[in-house]
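Working notes, beginning with the structure itself.
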Amino acid sequence: MSLFISLLVSAITIGSVFLFGCTGEILMEKSGHLNLGIPGVMCFGTFGGCLGASIFMSGYSTDPMSAPWIGVVFMSVFFSVLMSLVAGLIYALLTVTFRCNQNVTGLALTTFGTGCADYFMSIIDKTYLSYASKILRLNIFDDVILKSNPALSENAGIDFLQIFLGYGIIIYLAIIIAIVVAVVLRKTRIGLSLRAVGENPATADAVGINVTKYKYAAILCGSAISGLGGLSYVMDFVGGSWENSSTIQAFGWLAIALVIFCVWKPTLAIIGSLVFGFLFILPNAITGVTFLMMKTMNLIPYVITIIVLIITSIIGKRSVQPPSSLGLPYFREER
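Residues in the sequence shown are numbered consecutively from 16, following the numbering used here.
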């Protein structure tokens, strides 16, 4: 496999973590809520997914690799979504119902989520997580094409197939969800109403849109999507291993930055996540890079985001601006 293809495959894999977090955050911000708790939500999704996989795989202790693929996928995703919904519900209750400051609430949720992840991952039976990771990473390229005809591995042209077919189900799920969210936001009445809530909740309320319902729905759905990013990192990128929540927390902050980079458009987030993924793995792929150079290169996504923010501010075009009511609580009695 060429170095370029290897880097691209790794960038797409790690980019799915950014894509999940970014897509979920876009959905929440379109409703007018800036959730700085995305790193915490991703941590909730991580230990939830690992818990589900561990519970299911424990039933196949004699031969873990015999566990059915669909069962491992379902339990991992289900528990990841479930725990992410818990985090989203906490945030929604505090910011929508009790109208707490969104920035403070989000930061508190990040602290709470990372602490919970470190604690629960320390007591979860991680014996089967590596097996669950192998099952979740089963793909058409390695486990169907090459396994049925090993001689194809000597064909240089076959490597290009890995760009499209060399990933587990969670990677494809990230892209599908981003496309679905983009279609819902731009092409459906639900998306139009949600964007109206984010732009001017008082006007939306006046025309009969249930502002509270849309805010709750956006926060819960966005949290469920974001939480899958943590699961994707642990199961797809690091093979089911766990050290601490610091890396996932870093991915969460980058996912929030990616929202600005892709100007609140889920389709652009697909491209942006690939760029961020490539920049993330590039320092480790280049030989002879010093520690200082590596840390400097890790700053590039943030610098690019700041540049994009400056450019969009100068342009002033409404389509590249955040929702008008982003971060502002809605008081119906002041309508």
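For every residue, glycine included, the Cβ atom is placed at its ideal position computed from N, Cα and C. Note that the coordinates shown come from a computational prediction; the quantities given were computed from them, not determined experimentally.
Find out if the Cβ-Cβ distance for the pair Leu100, Ile271 is shorter than 8 Å.
-> no
Segment limits, alpha helix (DSSP H) that includes Glu214 | Arg204 to Glu214
Continuous alpha helix (DSSP H) stretch holding Ser261: start and end | Ser261 to Phe276
Nonlocal neighbours in the same chain, by C-beta distance under 6 Å from Gly206, ignoring five residues either side | Val199 and Leu200
Can you list, in chain order, the residues of its chain whose CB lies under 6 Å from that of Arg114, leaving out five sequence neighbours each side?
-> Correct list, in chain order: Pro344.
Please state whether DSSP places Asp133 in a helix, a strand or coil.
-> helix
Closest to Asn118 by CA distance: which of Gly36, Thr227 and Ile53 is it?
-> With distances taken between Cα atoms, Asn118 lies closest to Ile53.
State yes or no: is the C-beta of Leu269 within less than 8 Å of the C-beta of Ala233?
-> no
Beta-carbon spacing of Ile186, Thr320 below 8 Å | no
Let me know if Leu109 comes out buried or exposed under the rule of 16 or more other beta-carbons within 10 Å of its beta-carbon.
-> Leu109 should be labelled buried.
Beta-carbon separation of Met90 and Gly63 under 8 Å?
-> no
Reduced DSSP secondary structure (H/G/I, E/B, other) of Trp84 = helix
Which of helix, strand or coil does DSSP assign to Arg152?
-> coil
Going along the chain, which residues of its own chain have a beta-carbon closer than 6 Å to the beta-carbon of Lys230, five neighbours each way excluded?
-> If we look at Lys230 and ignore the five residues flanking it on each side, its Cβ neighbours are Ser46 and Val111.
From what residue to what residue does the alpha helix (DSSP H) around Pro281 run?
-> Pro281 to Ala300
Rounded C-alpha distance that separates Gly183 from Gly30 | 13 Å
Please look up how many angstroms separate the CB atoms of Val96 and Phe71, rounded, as I've assumed it's under 8 Å.
-> Incorrect: roughly 15 Å between the Cβ atoms, too far for contact.
Go ahead and pull the three-state DSSP assignment for Arg114.
-> coil
Alpha helix (DSSP H) segment containing Asn313, residue limits = Phe306 to Asn313
Residues of its chain near Val274, where Cβ-Cβ distance is below 6 Å and the 5 sequence neighbours each way are ignored | Cys37, Glu40 and Ile41
Thr77: first and last residue of the uninterrupted alpha helix (DSSP H) it sits in = Element bounds for Thr77: n/a, residue is neither H nor E.
State the DSSP-derived secondary structure class of Leu144, mapped to helix, strand or coil.
-> helix
With distances taken between CB atoms, is the gap from Gly55 to Leu124 smaller than 8 Å?
-> Closer than 8 Å, so yes.
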